[in-house]
Structures are given as structure tokens and as C-alpha cells.
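Below is one structure; the comments refer to it alone.
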């Protein structure tokens, strides 16, 4: 049923109906305060980590000076707990005067001067999740204009203390209001996360028309369990979620916690790789002032980033789930290429997984294979059996290039792979001869 | 009830009734194959990692040449899957001839030549857990003698495929048999792990008399969840377990998985610190040929090792469990010192925990405090409120020295701290004036 509904919806809307602000044709990248800094407002005792303009300027400096910006990490996003507890005498939101003495516009200019963009946060309830003034229906136009006046570049609209009816009105209304300001402002909607993330409560066609990205599911925490929980949900529901994604409209499984406290290096590579397969926004939430070189090298991996940022914008899928705990994910990419990801859920020792490209539904031919995390390159015939050794909780990620004879039609009709909406964008990835 | 039973038992046995082989007066340290290498016998396809004499010689080389030995890591322990599937024509166990062509005695001498010791593995059932020949009751004397003939230094006796009655006979019998060989062989008993780890099924007084160490609980896996699960069980049952431990007789929460795939650096420090508090055997199960410098520095931390190896051999306890997810552990040490461990179960951000030494039951005075993982030293009055910032899933570990005016009697009678058996060994840690 869902499949039929979505196929129909998709056929009607085609591929062009993303939010018409021209933004985020590839998943947005940058830095977001929440997971790492939460609602720490104790600037007296914890001046380096509290939510203040200093924190965002520090991160902006690191993004601009340490080469992150050139890799694509350009957004610096404020989350909850930035504002004063009172609106100003004209009813406008205002930042906490002690923690943001320069104001938001000055902060935005600080970022713009460095080639970066500023994101800000609001909530549809009377209060934000953290208890700061919300942006209920009657404040939407005012607050959208305030953000535009401040030269903000992105807005995350959370949903604490709002109900389904308000959300149904408010999320489209904010989209309109942001567009009406004339300033291009990327729009992140928490709406689906508050409605369970699935149809019929969630209408992904509509979301694609009004939001650039949306949080489908609960908040990430600094633990491998949390990453796995998110990954499970997104791939168990891939038949619903993958058709929703595309240039300008992205599912958001939440922040990258690489560089924080809870993930091993293997697990950090796994998050980076899985987020690349999912065409997920890449918002780091970490301390760029002290991040380890190991975590940096994962977040800076150019091939993983280029897979994430592929121009086709097709969200990848899980195509194999073995009893051994090995899973295989696949994402079609532009230039007849694709990404293949081997992931181990085991907790014992490296597992030697044997398969072949033809078993993974690649058509006959000889392929070039680049290992994303080791930079090794090889050639591989579709019929050649190969062994990949996958570490516990780790991944092996491949970029697979020409001849890329993907027989997508067969692929979508195959045994374990049915249920995927056939998307004509993908035809660009396939040599005409196969269509 | 348990408390009374144990107090009585302890009073009867006193502190001297450890297995009378003079071994392991401090927790044994070394390397053990199982967690990292399991039953990998595929030497054809995985020659560097399969269970073979080469693996153990490789690890011996690393222990001897890379400075591990000088830190105390001297055991190199074989686990399951080392033997031939058949006993020899005289009924003796024999190693797999392809994987151990030189035989066990030659391997033992290779280790002894490098100042190291060799451990080996057997099982009380007809078969080991991995399906190799076991050492049932009627083979105990023969196999003990075989191990002694091979100049083995430690023996782990597993319990797969044996029942409670056999275990009740077999574990003491093996103890006798090992002693009867005249060769000092450290004896690790898996008995309590097969009987749920708790009285009345498990008699820790008897275990202390026949074994040098024993596995109380299930196998560790390469994940933080597994470490937490073990830590939970050991500290929830600390009233039963701590009196059982002492010089020559140790609770064994299983191997260190630091340097493998599943733990972050924070979590690795936490395992090292918690194992030190528990006076646990320190058997690494990792690849010493490729281990990262970060993991090495944790495993080589001299102050953590010296806390683990403290001559009093008193197992530490959890003394505080906050709703915030902060827990505090304490272990009395020789020279009037103690170890304090602050641990965070949070998965958000560093938590600033406020307390004082007097709140942690230290008596009046000024203490010297050494931070185990940062090498910082400070002085601290018992009454001074201090803040420790504890990272998610991480620890702050202190070595606290003189004046060490621990009022242990008050400590054990205190609100949250009752239920600990008062141990007269501990009086050595306390200035006489306080007793």
C-alpha cells in the first residue's frame, strides 16, 4: 500500500518539486552545536563550551582556517538556548545579551566574511525544547523576517510543545514566510520526527516541496548504540525514505558525532560511510579546537564526502543482510559509478566476507574499485569472487566506477530488492544500451 | 543474609587461605588469545591471525621487545582450539601438528627465554567449547602432568559440556593435580561463571583455596555494551565479590579489549581504570603488532597498573551512584593511599561533578591527589568542594596519598556504604590512631 501511494505521488510530482529556494542541491555540510554542547549556558564556569557567540566564532575560525570550508563544511549552526527568555519590546526574538553581546547579525557577518554561513534555531511551540521563547503560528512571519534581517542562511524549526494540527499549518507557513523574505534560507523541518517519521502521518511529497531537509527520527546521542538505532530505523524504512530524498530535499538522520567521546575509530568510519550512503546532511557536532587527527582524517575523507555530495542525490539502500552480521549497502552515483559499503555488526573479530559484484546485482563487465578509507585501487570482473575483511562495527567502502553496467530495472525487480520506487533520475546513471 | 554468611566465612578463613602455590600475589598480567582471535584456525587464508605457534611467538616478541614485559605483562596465554582433535597414542593431549609444529614445550621455552610465561587452556567436558578434546575427570591427572612436562605456567580450566556435579569434583581435583606436579602453575577456574557467579551455588571461600583466579561472569565481547554489562554485574554484586579477592585469589571480569575495534579512547581509559579498581587480572586480547599509540599509552599507564597491582590486593567498590549518571569508585591501597574513580554513564557532554573528599568519606586532613591519566598533581583538603569534569563514557582517576586518614569503620557503617565485609587487611592502610 505505501509503495503504491508513494509511487503515485512520485509520478505526479516528478523530480523537480523540491523547495523552490535553489538551495542545498547536495546535502548541506557544516557544524551544529546541539549534540556536543546541548544547553550549556554556564559561561561563568564553562566559558569555552557554553552557548555563546564565542563558541560559534571559535568554530568558524577552525572551519575557515583549518581547511574544513574547502571540503564543503560551510554552515555554522546555532541550536536551542541562544535567545533571551523574553522577546524585545517590538515582540522580536533577541539573543541572550550576555552570551551574544554582539548580536546575531554581527555573528552572521563574521561568518560571511570567512566564506561561511550561519544557521539558527526556533521551535513551533510556545517554548523551545530547552524552555526559550518559541515561534508559534502567530509569530512565524515576524521571526522569519527577523532571521532574514540578521542575514541568517539556514533555519531549523523544531517541534517541542506543538501538536499535529499546529505542525500541519506551521511548517508550510514558515516555508512561505522564509521565501517571502527574499533571502535564501535553508529550511530544516523537525516535523516528521514528531509524527513518527512514516506515512500516513508523514507526507514526504509535501515535505520535499516545503523543506530542504527534515529530521525523520529521534536525536542522536554520543554512543554507538544510538548510531545503530538510527541506522536500523532508516534502512528498515528505506522503501519509504529513499524516494523522498533528492537535490534540495534530504532526509536527515542527525549529526555526525565523530570526534566526540563515544565512537571508536572503526565506528567513526562507519558513521561517515553510512551517512554518505544515505545522502545525509553532514553536520559535525564536536570540538574542532581539540579534535584528534584520527577523527579529522575520517571527516576530511574526500572520497566519502564526494559520495555523500554526488550530484544525482539518490539516497542509497541496504541490499544484503547476512545472518553473519555482514550487511551490504549500495548507492548509485553520477558518471556511471556507484558506492558499495560492507558493514559488520559483529563484536568478535574481522570477518572475511566472500561475494562477487554479480551477486550484488552488477551486470557483466570489468569494474574499477577504489577503497575509500585505504586509497587502494583494483580492477574487478563482475564474476570474480572476492573476500573483504570487515572489522567488528567497521566498514569497507568502495567507489565503483566504469563500466558501471547497472541493470537497475532488474535490480529493482530482484528478489530482496523489490519495493524500491523506480526513479527516472537513475537512468542517467545507466548506459542507454541497458534501458 | 548473604552478608552474614560471608562475614562468617571470611572470619573463619582469614586472609591466608589462597591456593598454596605462592603465585599471583598481585593480579596476573599478560596477553590472552581468545577475545581477539577466537577459534580462527584458517592458517591458509589468514596466516597472521590464526591460532598457531606463530601468533604466540609474535605476541611474545612484542611483549619482550616493546617494553610490555617490564610493565608486568608477562603471560602469553593460549585459549581454545590449540589442540589436535585426537589425543596421542598414549592418551595425552597434543597440539595441532600443522599449527604448532614445534610443540608446546618448545613454545614455552621460546617464552621463558624472553622472560615470559606460557598459559594453556582446557575444558572439563568431553569437548572444549570449540569442540576440541576436553579434560574430563578421568583425564585430569594425566593432563596436569602433560602441562607440567611442557613447562606451562598457567592453566585456564573452562566448563563447557560439564555439569555442576562434575565441576564440584573436577575443579578441586585439578587444583590438587597441578600442585602434585611440583611445577608452579597458575590456575584459572571458569567454575563460578557456569554457576551464575553467586552464592549459594558458588562458594568463594573454596574458590580462593583452590584457584588463583576465576571467571565469575560471561565472556567479554568487543563492545562498550559488553564492558558496561560486566561492570554492572560486578559492582551490583560487590558485597559478595570483594571479600573473595586477595593476594593469590582474584575475581576475573575477563580480558581487556583496549586496542581492538569497539572502544573509543574514553571507553578504553574507563576499562583500564575500572579493571584497576577491581584488582582484576590484566590480560590484553589485541594485536600488539599493530596496536595504536593511543591504546598503548592507556595500557602502559604506570599509575593505573600500580593501582591494579597494589600489594594489599583489596578489591575496590562503587561508593556513589548519582542520578546524573556519575558514579564514584574507591579502592584502598597500601602506604595509606587510595584510588578514587569518577565515571560518567552519560552520552551527552562532559559533566561537571561537584563533591568533596569528606563527602566521599575521607577523614579530615590535606591529601595529595595525582590524576592518573593527565599526571597533574594537587593538594586537596577533605572539606574543599571541587569539580571534576567527566567525559561521556569516560573517567577521571585519582591516586590519593597521605595523610590518607581513612576512617574505614565509619566508612563501612555509613549510609550508602553498608554491607561491605570489614577486612582486617585494610587496617594496614589506616593510621593506628583511627582504629
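Protein chains in written order, with full-length UniProt numbering: chain A, 1 to 435; chain B, 1 to 435.
Just so you know, even glycine gets a beta-carbon here, dropped at the ideal spot from N, CA and C.
Neighbour flag for residue i against chain B, beta carbons, 8 Å
i, result
"residue 45/A", "yes"
"residue 136/A", "no"
"residue 366/A", "no"
"residue 393/A", "yes"
"residue 224/A", "yes"
"residue 271/A", "no"
"residue 266/A", "yes"
"residue 169/A", "no"
"residue 90/A", "no"
"residue 221/A", "yes"
One or two residues paired with residue i in a DSSP bridge
i, result
"residue 75/B", "30/B, 117/B"
"residue 449/B", "Examination of residue 449/B is not possible in this model, given that chain B is present from 1 through 435 alone."
"residue 396/B", "342/B"
"residue 232/B", "Looking at the DSSP assignment, residue 232/B forms no beta bridge with any residue, so it has no partner."
"residue 158/A", "123/A"
Residue i (DSSP reduced to helix, strand or coil)
i, result
"residue 187/B", "strand"
"residue 204/B", "helix"
"residue 87/B", "coil"
"residue 20/B", "coil"
"residue 46/A", "coil"
"residue 285/B", "coil"
"residue 214/B", "strand"
"residue 192/A", "helix"
"residue 98/B", "coil"
"residue 438/B", "Here chain B covers residues 1 to 435 and nothing more, so residue 438/B does not appear."
"residue 409/B", "Only weak support is given to the placement of residue 409/B: the predicted model assigns it a pLDDT of 48, under 50, and the question is left unresolved by the model."
"residue 153/B", "coil"
"residue 61/A", "helix"
"residue 40/A", "coil"
"residue 219/A", "coil"
"residue 300/B", "coil"
"residue 82/B", "coil"
"residue 198/A", "coil"
"residue 280/A", "coil"
"residue 182/A", "coil"
"residue 93/B", "coil"
"residue 103/A", "coil"
"residue 170/A", "helix"
"residue 291/A", "coil"
"residue 175/B", "helix"
"residue 108/B", "helix"
C-beta neighbour in chain A for residue i, strict 8 Å
i, result
"residue 263/B", "yes"
"residue 351/B", "no"
"residue 133/B", "no"
"residue 40/B", "yes"
"residue 217/B", "no"
"residue 99/B", "no"
"residue 36/B", "yes"
"residue 347/B", "yes"
"residue 145/B", "no"
"residue 94/B", "no"
"residue 18/B", "no"
Going along the chain, which unbroken runs of the beta strand (DSSP E) with 3 or more residues stay wholly within the UniProt domain "Alpha galactosidase A C-terminal" (313-394) of chain A? 317-321, 326-332, 338-344, 351-355, 366-371, 377-381, 386-390
Select from the segment 226-258 of chain B all residues with a C-beta closer than 9 Å to any C-beta belonging to chain A, and list them in chain order. 226
Sequence ranges, beta strand (DSSP E) only - wholly within the segment 237-277 of chain A, length at least 3: 250-252
Sequence ranges, alpha helix (DSSP H) only - wholly within the segment 122-146 of chain A, length at least 4: Entirely contained in the segment 122-146 of chain A, not one alpha helix (DSSP H) run reaches 4 residues.
Anything in the segment 305-317 of chain A with a Cβ closer than 8 Å to a Cβ of chain B? List those residues in chain order, please. none
Any residues in the segment 274-300 of chain B with a beta carbon nearer than 9 Å to a beta carbon of chain A? Which ones, in chain order? 292, 294
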